[in-house]
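Enquirer:
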Amino acid sequence: MTHLPQADLALATRGLEKKYGSRVALAGLDLSIPSGVVYGFLGPNGAGKTTTMRLLTGLIHPDAGTIDLLGRPFGRGDRRRLYDVGALIESPSFYPYLSGRENLRSLAATGSLTSDRRVNELLELVGLAERARDKVQTYSLGMKQRLGIAAALLSDPRLLLLDEPANGLDPAGIVAMRETLRHLASTGKTVVVSSHVLGEVQLLADVVGIIAAGRLVREGPMDQLLEGEGVVRVRVAPSELESATRVLTALPGDGAVTAAPGEEGWLSIRMEAGRSAEVNRALAVAGIYASGLETGSDLESLFLSLTAGAQTESHEGTFFGLAGSSAPPTAGPTEWHDGGSAT
Amino acid sequence: MRLLVASLRKLIRRPATFITLGLLVGLMALIFLAVGATANQQTSAAAREASLLLVTFPGAYAFIISFIIGLGGLFAVIYAAAIAGSEWTWGTLKAAVARGESRSRYQLLSLTAIALVLGLGMLIAVAIGVVVALIGAGLAGVSTSGLTDSTTLGQLPELLGRGWFALVEEGVLGFAIATLARSQLAGVGVGIAVYFGEQFATIFLADIVQYLPFHAADAIVATGGDSSGFGGGGGPQLVQLDPNSAILVVGAWLVVGLIVTALFTERADISG
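One line per chain: the protein sequences are L and E, in this order. Here this note's numbering is used: the first residue of the first sequence is 6, the next is one more, and so on. Here this note's numbering is used: the first residue of the second sequence is 3, the next is one more, and so on.
#1: Going by DSSP, what residue range makes up the beta strand (DSSP E) through E/Y2?
#2: When you check each C-beta in the stretch 143-163 of chain L against every C-beta of chain E, which residues fall closer than 8 angstroms?
#3: Which residues in the same chain as L/L14 place their Cβ atom closer than 8 angstroms to its Cβ, once the five residues preceding and following it in sequence are excluded?
#4: Run through chain E and tell me which residues come within less than 7 angstroms of L/T115, C-beta to C-beta.
#5: Alpha carbons only, please: which of L/L118, L/L34, L/G48, L/V43 is nearest the one belonging to L/V1?
#6: Which residues, in order along the stretch 48-79 of chain L, keep a beta-carbon less than 7 angstroms from a beta-carbon of chain E?
#7: Quick check on DSSP: helix, strand or coil for L/Y25?
#8: Does the beta carbon of L/R19 come closer than 7 angstroms to any beta carbon on chain E?
#9: Just to confirm before moving on: does the CB-CB distance between L/A92 and L/A157 stay below 7 angstroms?
#10: For E/V2, list the residues DSSP reports as bridge partners.
#11: Could you check what DSSP says for E/T146 in three-state terms: helix, strand or coil?
#12: To which residues of the same chain is E/T153 closer than 8 angstroms at the C-beta, ignoring the five residues directly before and after it?
#13: Within 8 angstroms, do at least three Cβ pairs link the stretch 267-276 of chain L to the stretch 238-247 of chain L?
#14: Starting from L/E205 and walking both ways along the beta strand (DSSP E), at which residues does that stretch end?
#15: For the putative contact between L/R131 and L/R106, defined by C-beta atoms under 8 angstroms, what is the C-beta separation to the nearest angstrom?
#16: Under 7 angstroms, do L/G116 and E/E103 count as touching if we go by C-beta distance?
#17: When Cβ atoms are compared, which residues of the stretch 13-34 of chain E fall closer than 7 angstroms to chain L?
#18: Ends of the beta strand (DSSP E) at L/F46?
#19: Using the beta-carbon of each residue, which ones in chain L are nearer than 9 angstroms to E/I261?
#20: Whose C-beta lies closer than 8 angstroms to the C-beta of L/A113 among residues of the same chain, with five residues either side of it excluded?
#21: With H, G and I counted as helix, E and B as strand and the rest as coil, what does DSSP make of L/S37?
#22: Taking 7 angstroms as the CB-CB limit, is L/R84 close to chain E?
#23: Does any residue of chain L bring its CB to less than 7 angstroms from the CB of E/G93?
#24: Counting along the chain, where does the beta strand (DSSP E) carrying L/I216 start and finish?
#25: Can you confirm whether E/D244, when its beta carbon is compared against all beta carbons of chain L, has any partner nearer than 7 angstroms?
#26: By Cβ distance below 6 angstroms, which residues in the same chain neighbour E/M30 in space, the five residues on each side in sequence not counted?
#27: Comparing the C-beta of E/I272 with each C-beta of chain L, is any distance below 7 angstroms?
#28: Looking only at DSSP bridge pairs, what is L/W271 linked to?
#29: Using only CA atoms, which one of L/G70, L/R59, L/N108 lies nearest to L/L87?
#30: At which residue ranges does the stretch 172-202 of chain L contain complete alpha helix (DSSP H) runs of 4 or more residues, listed in the order of the chain?
#31: Within the chosen definition, does the stretch 213-226 of chain E reach the stretch 112-127 of chain E through at least 3 CB pairs nearer than 8 angstroms?
#32: Suppose you measure from the CA of E/P245 to the CA of E/V223; what does that come to, to the nearest Å?
#33: Is the Cβ of L/K23 closer than 7 angstroms to any Cβ of chain E?
#34: So what's E/P245 in DSSP terms, helix, strand or just coil?
#35: In terms of alpha-carbon separation, which member of L/G33, L/Y44, L/E299, L/E22 lies closest to L/L208?
#36: Sorted by chain position, which residues of the same chain lie with C-beta nearer than 6 angstroms to E/L76's C-beta, five sequence neighbours on each side aside?
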């Protein structure tokens with residue numbers, strides 16, 4: 006991976022380490038997040054994403070390593086640097102007995118000076134103006150999440166750190182959030198989004214960093230990372246899935262060709278998109294006729310190839326799907342076929 | 003200043019504020035009304051005299067304040083522990099720190115707001131206490147001429163000031179305990195355990211217990227006679243600090259509570 010010049014970085018960590026007792030959460034994390042982009046921060050459960058977010062907002066302190074926040078070192082005594090940072094970490098945090106507006110006003114009284122007008126603007130932005138007088142304890146998960154995003158935007162931050170921002174949002178809310186975050190990046194702000202919804206990150210992020218077991222395993226612009234991460238999806242009759250898998254895994258050529266049976270007769274094959282005709286021919290020769298063929302680049306397959314085995318290393322465990330075996334998969338994780346929402 | 007105002011606004015909106023005050027004055031009213039209604043039915047003259055003393059001014063002032071500092075002290079521990087613990091449980095401290103707010107400033111201003119609310123609550127409780135004591139006196143047929151006793155009224159501001167100081171110390175300790183526990187439930191539970199633990203400690207630490215925070219807080223408003231407050235009546239006869247020494251001891255405990263709160267919050271890993 007290439008490091009951008011320090012001056013162009015909104016956020017940089019070098020050799021960041023954090024332990025909780027004997028458990029290593031971060032083992033020398035090097036992140037380089039350019040200014041003015043949406044950065045997708047990805048990793049399996051227990052990879053260290055939330056720990057990193059906490060370190061970046063001064064909630065916890067590193068055992069080793071450095072953080073450069075908006076071009077300057079960030080340490081224990083630099084809390085005022087956070088005036089330029091907005092964060093939504095883990096779940097939104099509010100007083101349940103106060104209204105949405107009162108919660109934002111209470112939060113606005115902390116940190117940098119924030120006006121009541123800004124509170125009202127943000128309530129409008131996240132579509133909560135009409136429910137602003139209602140107590141937060143009456144809000145749905147999605148409404149709390151929207152209020153959490155409004156809270157993160159209170160100080161009009163130059164750097165926005167969002168942990169699973171789409172959590173609980175309905176489809177329209179997700180689209181609106183995506184547009185808002187893209188707009189913020191277009192105005193020069195930096196948005197860091199940690200998420201398990203890889204499809205959403207693929208749509209949203211300009212740059213991606215993938216961590217596993219407390220270390221960065223890949224970082225770079227989305228389009229560059231997905232080059233060579235072609236995926237061919239082919240649909241065959243469910244009764245022919247097994248024989249089709251055998252045929253496809255035996256395809257000759259450069260690079261790993263792996264086939265993973267999916268739902269409703271779909272097979273995903275990690276290979277260059279240009280070889281899709283070869284897939285079709287091989288199946289036809291074997292007497293198997295595809296009823297559907299798709300090609301594309303897939304962040305999910307890149308993510309899975311880079312983080313395979315990390316779930317077990319993290320000791321946090323993960324969700325293993327009901328399909329197949331009750332035992333953890335040994336030939337690469339297949340538990341993400343539901344889109345990761347079960348985490 | 004805006005953070006203090008915001009903290010006060012949060013407390014005033016908080017249901018626990020009114021529930022705590024309501025419980026305290028409700029119990030006090032119950033006692034006064036029950037005593038007033040039944041005092042004259044006592045068969046023993048001594049018991050009747052003791053009951054009537056409770057609703058007879060100016061002595062009733064001492065009972066009202068003693069009750070508020072005694073039971074109110076326990077409520078102050080629970081109330082402040084609930085507030086401090088919820089900041090960790092709900093993640094609201096996390097949100098403030100992530101915005102660049104000073105951890106110790108946030109906590110100390112929260113405590114200042116609690117101290118002000120405790121003071122206001124104490125004044126309201128005293129006022130209601132006087133009213134229900136008057137009703138009790140009416141029920142018992144006792145004269146209320148002592149209500150305007152100039153000597154007692156002259157001492158009342160100082161007594162209230164001391165009582166507020168005691169309540170603040172107890173609140174600070176509850177706050178510090180919940181901060182150490184980093185949980186609302188654990189903070190309240192441990193706060194109650196520490197309060198009653200100190201009461202039980204009178205059995206085997208009779209000489210030392212006078213220096214412990216809740217006994218010292220009771221002693222701060224002692225006006226002679228039984229000054230053991232709400233929690234201490236009926237227990238073993240205790241050595242108690244004189245009110246002026248108690249102020250110093252209570253002040254020391256208050257400072258310890260503030261330092262523990264500030265230091266722990268500054269150094270703690272904030273999660274949740």
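Built from N, CA and C at the ideal position, the CB exists for glycine as well. A quick note: this is a predicted structure, and the numbers were derived from the prediction, not measured.
Expert: Quick answer:
#1: In the structure as shown, chain E begins at 3 and stops at 274. Residue 2 of chain E is therefore absent and cannot be evaluated.
#2: Result list: A156, L159, S160.
#3: If you number the first sequence from 1, residue 14 of chain L lands on position 9. Cβ neighbours of L/L14 beyond the five flanking positions: S37, I38, P39, S40, D73, G76.
#4: As a working mapping, residue 115 of chain L is identified with position 110 in the first sequence. Within 7 angstroms Cβ-Cβ: L5, A98, R101, E103, Y108.
#5: Limits of chain L in this structure are 6 at one end and 348 at the other, which puts residue 1 of chain L out of reach.
#6: Answer in chain order: R59, T62, G63, L64, I65.
#7: Residue mapping note: residue 25 of chain L aligns to position 20 of the first sequence, counting from 1. Correct three-state label for L/Y25: strand.
#8: Here residue 19 of chain L is taken as the residue at index 14 of the first sequence, counted from 1. Cβ-Cβ to chain E under 7 angstroms: no for L/R19.
#9: One-based indexing of the first sequence puts residue 92 of chain L at position 87. One-based indexing of the first sequence puts residue 157 of chain L at position 152. In contact: L/A92 and L/A157 (Cβ atoms closer than 7 angstroms).
#10: One cannot answer for residue 2 of chain E here, as it falls past the ends of chain E, which runs 3 to 274.
#11: Translated into positions along the second sequence, residue 146 of chain E becomes position 144. In the structure shown, E/T146 falls within a coil segment according to DSSP collapsed to helix, strand and coil.
#12: What you label residue 153 of chain E is simply residue 151 of the second sequence in a count that begins at 1. A distance below 8 angstroms between beta-carbons, with the five flanking residues on each side excluded, links E/T153 to the following residues of its chain, in chain order: P60.
#13: The stretch 238-247 of chain L is in contact with the stretch 267-276 of chain L.
#14: Position 200 of the first sequence holds residue 205 of chain L. Counting along the chain, no beta strand (DSSP E) covers L/E205; the unbroken alpha helix (DSSP H) around it starts and ends at 203-209.
#15: Along the first sequence, one-based indexing puts residue 131 of chain L at 126. Along the first sequence, one-based indexing puts residue 106 of chain L at 101. Correcting the residue type first, residue 131 of chain L is Val in the shown sequence and not Arg. With 8 angstroms as the limit, L/V131 and L/R106 do not qualify as a contact, their Cβ atoms being about 12 angstroms apart.
#16: Position 111 of the first sequence holds residue 116 of chain L. Position 101 of the second sequence holds residue 103 of chain E. In contact: L/G116 and E/E103 (Cβ atoms closer than 7 angstroms).
#17: If the cut-off is 7 angstroms between Cβ atoms, the stretch 13-34 of chain E has R15, R16, P17 near chain L.
#18: Taking the first sequence and counting its residues from 1, the one referred to as residue 46 of chain L is at position 41. Unbroken beta strand (DSSP E) run through L/F46: 43-47.
#19: Here the question's residue 261 of chain E lines up with position 259 in the second sequence. The premise fails here: E/I261 is roughly 19 angstroms from chain L at the closest Cβ pair, so nothing lies under 9 angstroms.
#20: On the first sequence, residue 113 of chain L is found 108 positions in, with the first residue counted as 1. T119, S120, D121, R123, V124, L159.
#21: Locating residue 37 of chain L in the first sequence gives position 32, counting from the first residue. DSSP places L/S37 within a strand segment (E or B) once states are collapsed to three.
#22: Residue mapping note: residue 84 of chain L aligns to position 79 of the first sequence, counting from 1. Yes, L/R84 lies at the interface with chain E (some Cβ there is under 7 angstroms from its Cβ).
#23: Here residue 93 of chain E refers to the residue found at position 91 when the second sequence is read from its first residue. Interface flag for E/G93 against chain L is set, since a Cβ pair is found closer than 7 angstroms.
#24: On the first sequence, residue 216 of chain L is found 211 positions in, with the first residue counted as 1. First-last of the beta strand (DSSP E) with L/I216: 212-217.
#25: Taking the first residue of the second sequence as 1, we reach residue 244 of chain E at position 242. E/D244 does not count as touching chain L.
#26: In the second sequence, residue 30 of chain E corresponds to position 28, counting from 1. So the qualifying residues of the chain are F69, G131.
#27: Sequence index remark: in the second sequence, residue 272 of chain E carries index 270 (1-based). Residue-level contact check: E/I272 touches chain L, since one or more beta carbons of chain L fall below 7 angstroms from its beta carbon.
#28: Position 266 of the first sequence holds residue 271 of chain L. L/R240.
#29: Here the question's residue 87 of chain L lines up with position 82 in the first sequence. Nearest to L/L87 by C-alpha distance, out of L/G70, L/R59, L/N108, is L/R59.
#30: For the stretch 172-202 of chain L, whole alpha helix (DSSP H) runs of length 4 or above, ordered along the chain, are 176-191.
#31: They do not touch, by the three-pair rule.
#32: Residue 245 of chain E sits at position 243 when you count from the first residue of the second sequence. Residue 223 of chain E sits at position 221 when you count from the first residue of the second sequence. Going from the Cα of E/P245 to the Cα of E/V223 covers about 6 angstroms.
#33: Position 18 of the first sequence, counting from 1, holds the residue named residue 23 of chain L. So, not an interface residue.
#34: To locate residue 245 of chain E, count along the second sequence from 1; it is residue 243. It is helical.
#35: If you number the first sequence from 1, residue 208 of chain L lands on position 203. The shortest Cα separation from L/L208 among L/G33, L/Y44, L/E299, L/E22 belongs to L/Y44.
#36: What you label residue 76 of chain E is simply residue 74 of the second sequence in a count that begins at 1. Within the same chain, E/L76 has close Cβ partners Y197.
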